[in-house]
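Below is one structure; the comments refer to it alone.
There are 2 protein chains.
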Amino acid sequence: MSQQNSDRIEMPAPQDPQHLPIRQQMEALIRRKQAEITKGLESLDTAKFTADSWTRGNDGGGGTSMVIQNGETFEKGGVNVSVVYGQLSPAAVSAMKHDHKNLKLVEDPSTGSPQAEGVKFFACGLSMVIHPHNPHAPTTHLNYRYFETWNPDGTPQAWWFGGGADLTPSYLYEEDAELFHKNHKDALDKHDKSLYPRFKKWCDEYFYITHRGETRGIGGIFFDDYDEKDPQEILKMVEDCFDAFLPSYLPIVAKRKDTPYTPEQKKWQAIRRGRYVEFNLIYDRGTQFGLRTPGSRVESILMSLPEHASWLYNHHPEPGSEEEKLIKVTTKPREWVH
Amino acid sequence: MSQQNSDRIEMPAPQDPQHLPIRQQMEALIRRKQAEITKGLESLDTAKFTADSWTRGNDGGGGTSMVIQNGETFEKGGVNVSVVYGQLSPAAVSAMKHDHKNLKLVEDPSTGSPQAEGVKFFACGLSMVIHPHNPHAPTTHLNYRYFETWNPDGTPQAWWFGGGADLTPSYLYEEDAELFHKNHKDALDKHDKSLYPRFKKWCDEYFYITHRGETRGIGGIFFDDYDEKDPQEILKMVEDCFDAFLPSYLPIVAKRKDTPYTPEQKKWQAIRRGRYVEFNLIYDRGTQFGLRTPGSRVESILMSLPEHASWLYNHHPEPGSEEEKLIKVTTKPREWVH
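Printed below as a string of structure tokens:
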């Protein structure tokens, strides 16, 4: 499959033909992880994921969405792989330069203006959101992606990795937050002990609902535009982060999925999922960019939205309640591992 | 109340002291209409609206939100009046100039740069969204607002009116769409026969969910940055549009509120309300601007969101169904009166 893609797209030959280029290794990794993660999640549900493949029409690439809906454990979720490539227009490059410092428009030497054909790119990633039924079991989000551009003559221009994983509970269980953060810290520590504190903070800052003064959940790790090490080493770091996910999430869901709950707790979950919708539709850069890109696949982008969300006017939890305890941790992020 | 406001804010004296300035007439109009409209809606419910007043803290102004929640007829709704005034920063003026051609930064004659203190403004409006329980009864939105700026020396700079009213059904009843449009056309025709076709088209274009290729509902009227006639005449036009609302909406709700419905129809309503959330959070300029303005009141801005919204992956109604009939009218807006 990845070989087919690489035949269709006119990409530069790898610098060292004995090794597959990073983009192909990353594509293979995300396809393997899509299978592993969906299988892992299915072990906690009687329902199965179903595959929905799509192509970009006239543009290059496509993807496979693995979707679960109305399972016994999982109310709604998706694990989406996409591999896309083609031309970035000068306008798109300008829009992306703000976040990605190495991205450049190639100048036409005869005129000094940006070349009209823009920049060739390749992007692939795995993106996942899982919303369990039980209000005591947290929503989770994971996304790892790789982006690369090259010049018309085939020389490389810019590349970076981005992504992370985070947890969004409706009720706070400190041991769950600790497990999730600890596993991801361990994965990053193998590569560089400075990464976890940095990526943990980045996550709290990125998943912030400014108008509410709340983080979306209890965080995790997040990084973007990351090219500070050898790409092969970063790829290994991304693989280790991937590997940290199932042992971070499955034990939590296994422990919480059959916890008894009240209709009021289910309502609170829907209110929290309303906040999730607010973040994703108003602030999330991937969603904003995707929905404004002609030819992008709306269903895959909005796969992250919960089945149920609710808004009540001026709703505030009772002082001292479990609901208020959750609000407090989103208004003042904590350190979960030391 | 409006006299008090006018004492606190240092506004220029009216040009003709024998008449109240437009801003005071508009404020009086929206307060009167808030009372009328909430009373009209209460006639169809056993629940009552409750008032929630707020002030802008250190900034000038405030408002009153009239809210109904979990009534027998109305699931959630609000009729919000706000009257705010103060200084627009040069950055805010620049951001608003795109939509409002007469807005100007005053230059400091000695430097030629914009004056650092920006521009004094006054804004008032009534904003309403009503979501009935019954999936056969449509959601409605109405908003009329007035904006004015003046120079430090008290001379007027720019002013405009904006607003409109529109209908968002989950099921299409052509007679409802016709009634709503006909009444608003009649109100506008009294002033200028060219207005309804223009404002109807503007409404279809403004309430458009680009990534879905759908209008939010079946439209109505919308205008913005409107200062083409004498302000006193536009104020009368706004009043006539206000007067068109209750006779357009109450008969529809009275007719639909007790229509039997199935759980599937209620689910469809939640899916359509998901689209409503998408429009308001992603595209609506008032919401976007409000949520990004420090000190704005989040609860009043998000009052428009429904109690329940739902997202299913890749959901498409059955061909030939009533649900598909609704989708068709949102993908190709129709003319409802001739």
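Chains R and S, in that order, are what the protein sequence lines are.
Taking my numbering, the leading residue of the first sequence gets 1454, the next gets one more, and so forth.
Taking my numbering, the leading residue of the second sequence gets 1454, the next gets one more, and so forth.
Ideal Cβ positions, reconstructed from N, Cα and C, are used throughout, including at glycine.
Using beta-carbon distances, R/MET1756 counts as an interface residue toward chain S, with a partner under 8 Å.
The region 1472 to 1542 of chain R contains, as complete beta strand (DSSP E) runs of 3+ residues, the segments 1503 to 1508, 1513 to 1522, 1527 to 1541 (chain order). Around R/GLU1775, the same chain offers TYR1624, LEU1625 as residues with beta carbons nearer than 8 Å, after the five sequence neighbours per side are excluded.
Taking a cut-off of 8 Å on C-beta distances, the region 1584 to 1593 of chain S touches the region 1700 to 1720 of chain S, as three or more cross pairs fall below it. Taken through DSSP and simplified to helix, strand or coil, R/SER1701 comes out as helix. Residues of chain S whose Cβ lies closer than 7 Å to the Cβ of R/ALA1762 are, in chain order, ALA1762. The alpha-carbon of R/GLU1686 is positioned some 23 Å away from that of R/ALA1488.
S/VAL1572: member of the beta strand (DSSP E) spanning 1572 to 1585, first to last residue. If you ignore the 5 residues before and after R/LYS1638, its C-beta comes within less than 6 Å of the C-beta of TYR1649, VAL1790, all in its own chain and listed in chain order. Residue state for S/PRO1609 is assigned as strand, using DSSP reduced to three classes.
With fewer than 16 other beta carbons inside 10 angstroms of its own, R/HIS1472 counts as exposed. Annotation: R/ASP1683 to R/GLU1601 spans about 14 Å, alpha carbon to alpha carbon. Taking 8 Å as the cut-off, the Cβ atoms of R/ALA1618 and R/GLY1578 do not count as close. The beta carbon of R/ALA1640 is closer than 6 Å to those of ASP1693, CYS1694, ALA1697 in its chain, skipping five residues each way along the sequence.
Using a Cβ distance threshold of 8 Å, S/ASN1587 and S/LYS1710 count as a contacting pair. For S/TYR1649, the uninterrupted alpha helix (DSSP H) run begins and ends at 1648 to 1659, by DSSP. For the pair R/ILE1475 and S/VAL1730, the Cα-to-Cα distance works out to about 40 Å. Chain S has a Cβ within less than 8 Å of the Cβ of R/PRO1759. For S/GLU1628, the enclosing alpha helix (DSSP H) stretches over residues 1627 to 1642.
S/TRP1603 is bridged by DSSP to S/LYS1573, S/PRO1609. Taking the beta carbon of S/ILE1735 as reference, the chain R residues within 7 Å of it are LEU1734, LEU1744, listed in sequence order. Going by DSSP, R/ILE1674 is part of the beta strand (DSSP E) stretching over 1672 to 1679. Boundaries of the alpha helix (DSSP H) around R/ALA1723: 1716 to 1731. Using beta-carbon distances, R/TYR1679 does not count as an interface residue toward chain S, since no partner is under 8 Å. No Cβ-Cβ contact shorter than 8 Å links S/TYR1659 with S/PHE1633. Distance between S/SER1749 and S/PHE1742, taken at the CA atoms: about 9 Å. Taken through DSSP and simplified to helix, strand or coil, R/ALA1590 comes out as coil.
Here S/ASP1678 is near S/LYS1554, since their CB atoms are less than 8 Å apart. Cβ-Cβ separation between S/ILE1754 and S/LEU1765: approximately 27 Å, too far for a contact (criterion under 8 Å). Here S/THR1740 is buried: its Cβ has 16 or more other Cβ atoms, across all protein chains shown, within 10 Å.
In this structure R/ASN1636 is buried. Its beta-carbon is surrounded by 16 or more other beta-carbon atoms within 10 angstroms. Taking S/GLY1530 as reference, the option from S/PRO1772, S/ARG1509, S/THR1783, S/VAL1582 with the minimal CA-CA separation is S/VAL1582.
Around S/ASP1505, the beta-carbon contacts reaching into chain R at under 9 Å are TYR1766, ASN1767.
The beta carbon of S/THR1621 sits closer than 8 Å to the beta carbons of PRO1591, THR1592, THR1593, HIS1594, ARG1669, GLY1670, ILE1671, ARG1725, TYR1729 from its chain, once the five residues preceding and following it are set aside; these are given in chain order. Here the alpha carbons of R/LYS1785 and R/ASP1657 stand approximately 10 Å from one another. In this structure S/PRO1585 is buried. Its beta-carbon is surrounded by 16 or more other beta-carbon atoms within 10 angstroms.
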